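> Protein chains in written order, with this note's numbering: chain A, 1 to 232; chain B, 233 to 464.
Handing you a structure now.
Number of protein chains: 2
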Amino acid sequence: MTEQAPPPSAIDTDPEYRAAVIDLLGVLAYGELSAFERIAADAAMAPLIDDKAALAGMATAEYRHFVQLRDRLVEMGVDPQEAMDPFRRAYEEYHAQTTPKDWLEGMVKAYVGDGIGTDFYREIAAYVDDDTRALVLDVCDDLGQSEMIIDRVRAAIQEDPRAGGRLALWGRRLVGEALSQAQRVAAERDALSTLLVGGVDRPGTDLAEIGRMLARLTDNHSRRMAALGLAA
Amino acid sequence: MTEQAPPPSAIDTDPEYRAAVIDLLGVLAYGELSAFERIAADAAMAPLIDDKAALAGMATAEYRHFVQLRDRLVEMGVDPQEAMDPFRRAYEEYHAQTTPKDWLEGMVKAYVGDGIGTDFYREIAAYVDDDTRALVLDVCDDLGQSEMIIDRVRAAIQEDPRAGGRLALWGRRLVGEALSQAQRVAAERDALSTLLVGGVDRPGTDLAEIGRMLARLTDNHSRRMAALGLAA
């Protein structure tokens with residue numbers, strides 16, 4: 001998986017690679033801050049105090065991930081706000097287009113939407129140096145919410161089978177919106193795209209491997225929808 | 233301040249006192265969870281990423297306070313959800329009646345509304361045993377938000393002096409709503425009220441001292457409004 005990965009020293013010697021890593025940490029950092037806000041909003045909608053507390057705990061874990069990324073940016077001599085700023089609009093449009101109408105939609109979004117996001121960043125991690133990869137994999141760790149979400153969503157569908165159809169559509173919409181924002185980011189941020197497609201001194205991955213990556217992302221997405229009892 | 237305070241052993245020997253402590257920890261725990269949610273919502277409204285990150289950090293500190301209180305309830309053999317449940321409605325009505333229309337109202341609420349709340353719990357702390365008092369004072373600690381809030385609110389009023397009038401009214405409304413919910417809780421929760429007014433084996437405080445306590449709460453409130461540049 002890591003044959004294309006440059007050595008950590010490339011951050012200092014290859015300005016294009018350095019820019020790509022800053023973009024990657026910036027997009028992840030804003031994503032964590034944004035995940036914090038969203039999971040906290042889900043906590044506010046939770047009918048049970050125990051679920052509320054569990055979600056608040058997950059939100060604080062997202063915040064700790066944010067702090068790790070921010071601290072790394074500072075170590076690199078980068079202003080975190082500047083690194084995150086280019087990605088703010090994409091996240092805000094994604095969230096504006098996919099504001100959950102209720103607690104269940106929030107749960108599906110936390111599992112399915114965040115799931116495809118972290119899968120993607122884990123794929124990208126194959127193309128970066130060891131230090132950056134360790135950080136990316138660490139912040140993409142599952143926070144243990146999956147089990148609780150699967151349990152609550154399945155129970156809700158069992159109680160009201162019509163909810164299944166509505167939530168399946170919702171899952172498709174989440175992925176569609178995530179992809180359209182990802183495409184915008186890829187088009188606007190050359191440095192970030194070169195991690196995959198290659199740069200002046202770095203070979204990119206080939207089209208066949210990108211195809212396999214997309215197949216893995218799609219498979220995982222379908223697996224998550226199935227775990228919730230939803231048609232992908 | 234602590235002449236009325238029972239020994240920590242009273243939790244085991246005096247059922248009425250034990251019920252009062254459970255109520256106190258329960259109301260504080262739900263308050264922290266609720267503060268977590270609200271500050272996270274303020275973070276979502278923050279125009280600057282740095283402010284957003286700072287508020288998210290404060291929200292996670294509130295969550296840690298919640299965990300301390302919940303753990304103490306569990307140590308006491310109490311189901312935290314049961315201890316918090318009686319106070320949920322009062323907090324939710326308070327927040328429903330005082331939903332900030334914008335980021336500035338959120339900041340004033342975090343400073344003025346939470347301020348009078350923690351002042352009140354700090355006063356109550358004088359009437360409980362040493363162990364409970366230490367925990368209450370710890371979770372009522374200022375989280376360092378004050379300085380940032382004062383700075384942002386004063387700057388906003390300087391830029392738009394009319395905002396001062398609107399925010400002063402807002403501050404008065406916050407206190408009015410907080411008092412009406414506090415009165416409801418006092419009326420519904422006998423055990424909690426006996427901390428102040430006394431129980432079978434415990435002397436309460438006298439009316440003159442309650443008057444002085446209310447004067448201290450009012451003074452502190454006026455001082456906070458003045459710090460924001462607002463008429464109390």
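Here a beta-carbon is modelled for each residue, glycine too, at the ideal position from N, C-alpha and C.
The model shown is predicted, which means the values in this text are computed figures rather than measured ones.
1. Quick one: does S9(A) have its CB under 8 Å from some CB of chain B?
2. With a CB to CB cut of under 7 Å and the five nearest residues on each side skipped, what residues in its chain are close to P8(A)?
3. Strictly under 8 Å for the Cβ-Cβ distance: is Q81(A) near chain B by that measure?
4. Assuming contact is defined by CB atoms lying nearer than 8 Å, are Y343(B) and I381(B) in contact in what I supplied?
5. Which one of L462(B), A358(B), D346(B) has the shortest CA to CA distance from L411(B)?
6. Starting from the Cα of A90(A), find the closest Cα among I210(A), R154(A), Y30(A) and give me that residue.
7. To be precise: take each residue of the stretch 336–356 of chain B, compare its Cβ to all Cβ atoms of chain A, and keep it if any distance is under 8 Å. Which residues remain?
8. Does DSSP put G431(B) in a helix, a strand or coil?
9. Which class does T437(B) belong to by DSSP, given the choice of helix, strand or coil?
10. Taking C-beta pairs closer than 8 Å, name the residues in chain B that I49(A) reaches, listed in chain order.
11. Looking at chain A, which residues of the stretch 271–298 of chain B have a Cβ within less than 8 Å of any of its Cβ atoms?
12. So, under 8 Å CB-CB, V108(A) and V153(A) are touching, yes? Tell me the CB distance rounded to an integer number of Å.
13. Strictly under 8 Å for the Cβ-Cβ distance: is E269(B) near chain A by that measure?
14. So, are the CB atoms of L427(B) and L256(B) less than 8 Å apart?
15. Spell out whether any CB of chain B is found under 8 Å from the CB atom of R241(A).
16. What is the rounded straight-line gap between the Cα of L207(A) and the Cα of A126(A)?
17. Buried or exposed: which applies to Q183(A), given that a residue is buried once 16 or more other Cβ atoms fall within 10 Å of its Cβ?
18. Starting from the C-beta of F66(A), find all residues in its chain whose C-beta is less than 6 Å away, skip the five residues before and the five after it, and write them out in chain order.
19. Report the option in D151(A), R202(A), R122(A) whose CA atom is closest to the CA atom of D142(A).
20. According to DSSP, is V21(A) part of a helix, a strand, or is it coil?
21. Within the chosen definition, does the stretch 277–286 of chain B reach the stretch 302–311 of chain B through at least 3 CB pairs nearer than 8 Å?
22. Any idea what DSSP makes of L48(A), helix, strand or coil?
23. Just tell me which of M290(B), E269(B), D370(B), A291(B) has its CA closest to the CA of E324(B).
24. I'd like the ranges of any alpha helix (DSSP H) spanning at least 4 consecutive residues and lying wholly in the stretch 324–365 of chain B.
25. By the three-class DSSP mapping on this structure, what secondary structure does S378(B) have?
In brief:
1. For S9(A), no CB of chain B lies under 8 Å from its own CB, so it is not counted at the interface with that chain.
2. For P8(A), the CB contacts under 7 Å within the same chain, skipping 5 residues up- and downstream, are D129, D130, D131 in chain order.
3. Output row for Q81(A): interface = yes.
4. With contacts defined by Cβ atoms closer than 8 Å, Y343(B) and I381(B) form a contacting pair.
5. The shortest C-alpha separation from L411(B) is found at D346(B).
6. Of the candidates I210(A), R154(A), Y30(A), Y30(A) places its Cα closest to the Cα of A90(A).
7. Cβ contacts with chain A: none found.
8. Three-state DSSP puts G431(B) in coil, outside helix and strand.
9. In the three-state reduction of the DSSP assignment, T437(B) falls in the coil class, being assigned neither a helical nor a strand state.
10. Those within 8 Å of I49(A) in chain B are Y262, L265, P312, Q313, M316, D317, R320.
11. Within the stretch 271–298 of chain B, those residues whose Cβ lies closer than 8 Å to any Cβ of chain A are, in chain order, A272, A273, A275, A276, L280, I281, D282, K284, A285, A288, G289, A291, T292, Y295, R296, F298.
12. Distance from V108(A) to V153(A) at the Cβ level is roughly 6 Å; contact confirmed, criterion being Cβ atoms closer than 8 Å.
13. Closer than 8 Å: yes.
14. The answer is yes: Cβ separation under 8 Å.
15. Any property of residue 241(A) remains undetermined from this structure, which presents chain A solely from 1 to 232.
16. If I take the Cα positions, the gap works out to 16 Å.
17. Result: exposed.
18. Shown here for F66(A): same chain residues with a beta carbon closer than 6 Å to its own, the five before and five after excluded, namely A29, E32, L33 in chain order.
19. Relative to D142(A), the option among D151(A), R202(A), R122(A) whose CA is nearest is R122(A).
20. Helix, per DSSP.
21. By the C-beta criterion, the stretch 277–286 of chain B is judged not to be in contact with the stretch 302–311 of chain B, since fewer than 3 inter-stretch pairs fall below 8 Å.
22. Here DSSP, grouped into helix, strand and coil, assigns L48(A) to coil.
23. Just measuring C-alpha positions, the residue of M290(B), E269(B), D370(B), A291(B) sitting nearest E324(B) is E269(B).
24. Segments of the alpha helix (DSSP H) lying fully in the stretch 324–365 of chain B: 335–340, 346–356.
25. The answer is helix: DSSP assigns S378(B) an H, G or I state.
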